[in-house]
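Let me begin by presenting the structure, written as structure tokens, before commenting on it.
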Amino acid sequence: MAEKLEVWQGTLSLMVLRTLEVLGPLHGYGIARRIEETSGNRLALNYGTLYPALLKLEQEGFIRGEWRASENNRRAKYYALTAAGRKQLAREARDWRQTADVIAEFFAMRPESA
Amino acid sequence: MSALSLVRVVRRRLAAALREVLASGREDDELREELESHLAMHIEDNLRRGMSPDEARRAALLAAGGLTLAAESVRARRGLPLVENLARDVRYAWRALRARPGFAAAVVLTLALGIGANAAMFTVVNAVVLHPLPYPQPGRVVSLSDADNGDDLGVMDDHTYAVLTASARTMQLAAYWSDSHVLRTRSGPEELAGLAVTSAYFGILGVRPLLGRYIDARDSSASAPPAVVLSEQLWRRALDADPSIVGRTITLDDEAVTVTGVMPARFTTSTGPQLWVPFHIRPSPPGVTRYWFVVGRLRDGATLQRAAFEARALVSPIPVYRPGETSRMTPVVMTLADRRYGEQRKPLLLLWGAVIVLLLIACANLANLTLVRVAARQREFAVRLALGGGRWSLARLLLSEALLLSVAGAVLGLLVSVALVSYFVHLSPASVGNPDAVHLDAAVLVFTIGVALASAVAVGLAPALLAGRGDVARVLSSGTPRASIGGRQHALRQALVVWQLATALVLLTGAGLVAHSFWRVTSIDLGFRPDGLLSVAVRLPRSTYGGGSAGPYHQELMARLRRVPGVMSVALGVPPLSGLSGSYSTSDSTGHLSAPIDEAQVGPGFFKTIGAHIVQGREFDSTDTPGTPLVVVVNTLLARRLFPEGNAVGRTMAGPSGRARIVGVVSAVRPQVEGSASPLLYPDVGQQGIGRYEHLLVRTGGPVEATERAIVQVARAIDPRLPPPAIQRMDQVVARAVAPRAFVFVLLSLFAGVAALLAAIGLYGVLSRVVTERTREIGIRIALGADPGRLTRAVLQQGIVLAALGTTLGVLGAIAAVRVMRSLVYDTSVYDPWTWAAGPLLLVLVSLLASYVPARRATRVDPIVALRQE
């Protein structure tokens, strides 16, 4: 198996929120699958970190969990984005872009000729 | 995170925690269900991709490897982690312990003894050392006395007292004296201990009265009506707790006295003074010095050092005459707590230290025991780690087990401590200060909880640290149920055992010295025979026995007592060990005072009665009367001092009331059990005049209790208005005098013995472990024909090396520690060869025994069983 990237601390919640924004309500397994697919299977998602992250987001009120029947009639807990979650996503996305821009500036630097 | 969202999160978590407590099962189920549905969906996906059912399942489980960790991590996030985890850990620990009841019982019992002994010692230390006095700001209450050439008299002369009361700025002073009074109650007259106190006394101690007021300046003038303050104990017992007692009169010493107040029970003790009367100090006549007890309170801003300095500066030294020297009296200022309990403090602190060491030794044993359990549970731990249980949660589980055990130990220990404390009080009331104040209180509870927590950490910490260290793969692959945890752990256990042996030896050495001292004290020749000897204090009131009628009363009492069955002889005199002897000086024609001579007035038959040895001449008899020439008896020391050339009998000397002829020389009687005898003169009490306060000595050959009852009956028959006389058994007086030594001897021996036993058990445990871990190897060796004797020797050798190390370190430790024993031994060198030989010898013997049992076991290993074990 090719070496996979670890999910950065703090970026997981951004991925979860964005996934829910794009795809609507999803269960934990679905979220995990989608994140791995979106990354082109370059990311290894540790399940041990996914569920605590989901619970944290739920406790902070950014997502809401609800038990429903899944596509093949299995009971699963579906998570949906809340209004607060939408705002939080916008905030995090802005922060992330800024950080990415800053980092990009650093890579754009050329050695100055003296 | 903004403040608002923080509040929101906290509120949600609190709600979640609450739900958790109410329905933790439901929440757990929900989480499990969510994770299970995750797994199921993964398996379905795998099946869709064309995997076989088995493959699909394995791949999904592999991917979900961290599920246990996820579950724990989610739980930790959901509840209030501390409370939640604690409850769960305790539940796990309880389950783990219930599976091993023998181990749990051994640990709880060991801890109960260790914690119980600690709680009991702390109860006493708390009462005597930490809270000795029931007064506000007790550290500022001082006691003053004279020191004669550095020898503290315990009392202060009236001249010094007058100077200090008038001029001292650092403290306020009061004087008091103990006396006794007869209270007329419904059940008859009763003799009560009391204090005569000056008007400042109560203000200095600062305790508010329960009822009315205490004695103050209003009562100090000689014209004030007679007043008395009662103790709450006396008020409840003899006066039915009459709420309107203040202002009423009671009959005290045949006089009507007004009750001004009642002091609360904590102000005194059941054996202490029960009433207080005003003390009117009159100037002493010239040439007479009176002494009394003096207390004071430091004024604001003053320190003990400044007060002592001021007292020394104010008092011009008083010359005192001694043969060949002029000594000087100087005032001594110390805290009242030091005065009362200074002597008890050191042995108590020593015993406290010993009992803490004992607990440490016990904890070392338990840590050892837990380490063995860790080794045995290595596989269980490895499985937990492999399944994703965190190392920290594993350590927490072990700590929880230790905590559960130590809490159980503490609860049992408190019961042990209550029993021990009552045994302490029984053994030596004097050693525990005020027995009324020695009881379980909040401080003792807090201390016990602290000790329990500390021992939980001590017992659980090392195993908890080691538990996470094992190599999971190696343990799981080795396949044996009891994999060894390796050399590091074994070294730790050996170090613990060496430390235990060394510490036990230090305790044994201390116990040996104390035991030797105790043996010396109990084999002292007191100069009289205390068994079967009773001392009877007779106090006759002035009102009925004033004008010389005391003599006939005493003669009548003695005559009747001689007819009591079992009584062998009766005599008047100062009881031995009572400290009631006086002293006198004579002045020559130039007015120069002689050196003081100690004297004790005794009557005919006194020396025969107490069992003293008459060296020369005779003792007083019925031929010596007030009409015949004055006669005296001297002890051998005074005879040697006055007539170094010998032949004292027949010579005359200056007695307390004129020249007197020496008729006999007696062997010296000790003034105290541990005090050496001094020169003493015995005048004839019959010739000096029998007073209203006298002591009778009664020697009985019959049962002592029956004689005591007979004495009370005879006294009542002569004069029913008198209270029953106070009777003391001299054997009990001696026992009380040596009780503090017995206290230290019994307890220190007990602690040292238990320490040695625990150390031996520790050694046994380590060697047993060695044999168990090497069972397979030993089995192979035996199968290959190894000599069983050599195997025994190999194990024994390990034990001997550990014992030798422990003993050597212990001797070094004892050499360092023995200095504190110097003030606690009697007539025994701290390097007493018997003690220093016996301690190590005992320890080595016990160690050999502890090593021999596992060594024997090594030879009995059955090779077939040993090899089949795996």
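Residue numbers (my numbering), protein chains in the order written: chain A, -15 to 98; chain B, 10 to 879. Cβ coordinates follow ideal geometry from the N, Cα and C atoms, glycine included. Keep in mind the model is a prediction, meaning the values are calculated, not measured.
Does the beta carbon of residue i sit closer than 8 Å to a beta carbon anywhere in chain B?
i: A84(A); result: no
i: Y13(A); result: yes
i: K61(A); result: yes
Just the C-alpha distance for residue i and residue j, rounded to the nearest angstrom, thanks.
i: T194(B); j: Q722(B); result: 19 Å
i: L120(B); j: A113(B); result: 11 Å
i: G270(B); j: G695(B); result: 43 Å
i: E29(B); j: Q43(A); result: Any reading at E29(B) is ruled out, since the residue's pLDDT is 48, under 50, leaving its predicted position unreliable.
i: G794(B); j: L375(B); result: 37 Å
i: A657(B); j: G626(B); result: 9 Å
i: P605(B); j: I290(B); result: 25 Å
i: L248(B); j: A231(B); result: 28 Å
i: A867(B); j: L857(B); result: 15 Å
i: G575(B); j: P712(B); result: 8 Å
i: L73(A); j: N377(B); result: 55 Å
i: R48(A); j: I15(A); result: 14 Å
i: E42(B); j: L34(A); result: 15 Å
i: M577(B); j: S860(B); result: 60 Å
i: L357(B); j: G700(B); result: 42 Å
i: L41(A); j: R393(B); result: 29 Å
i: V545(B); j: I727(B); result: 15 Å
i: A69(B); j: N55(B); result: 8 Å
i: F91(A); j: T22(A); result: 25 Å
i: I52(B); j: L44(B); result: 13 Å
i: D262(B); j: W186(B); result: 17 Å
i: S176(B); j: A648(B); result: 45 Å
i: L759(B); j: A513(B); result: 12 Å
Can you pull the DSSP bridge partners for residue i?
i: D166(B); result: Y300(B)
i: W285(B); result: L204(B), V238(B)
i: A60(A); result: R52(A)
i: W186(B); result: A205(B)
i: G270(B); result: G221(B), V238(B)
i: M662(B); result: A669(B)
i: G422(B); result: According to DSSP, G422(B) bridges with nothing at all.
i: S157(B); result: Before going further, note that residue 157(B) is Asp rather than Ser in the sequence given. The partner list for D157(B) (beta bridge, DSSP) reads D160(B), M338(B).
i: M180(B); result: L307(B)
i: E199(B); result: L192(B)
i: L626(B); result: First, the amino acid is wrong: residue 626(B) is Gly here, not Leu. Per DSSP, G673(B).
i: D693(B); result: V611(B)
i: E703(B); result: V547(B)
i: E5(B); result: What is shown of chain B runs 10 to 879, which leaves residue 5(B) out entirely.
Within 10 angstroms of the Cβ of residue i, are there 16 or more other Cβ atoms? Answer buried if so, exposed if not.
i: P252(B); result: exposed
i: D85(A); result: exposed
i: Q314(B); result: exposed
i: W244(B); result: buried
i: I787(B); result: buried
i: K61(A); result: buried
i: D693(B); result: buried
i: L13(B); result: Residue placement at L13(B) cannot be trusted, given a pLDDT of 48 that sits under 50; what the coordinates show is reported in the next sentence. Counting Cβ neighbours within 10 Å, L13(B) comes out exposed, since fewer than 16 surround it.
i: G215(B); result: exposed
i: N25(A); result: exposed
i: W401(B); result: exposed
i: S440(B); result: buried
- For the stretch 44 to 70 of chain B, which residues have a beta carbon sitting closer than 9 Å to at least one beta carbon of chain A? L44, S46, H47, L48, A49, M50, H51, E53, D54
- Contacting positions in the stretch 51 to 76 of chain A - beta carbon closer than 8 Å to chain B: S54, N56, R58, R59, A60, K61
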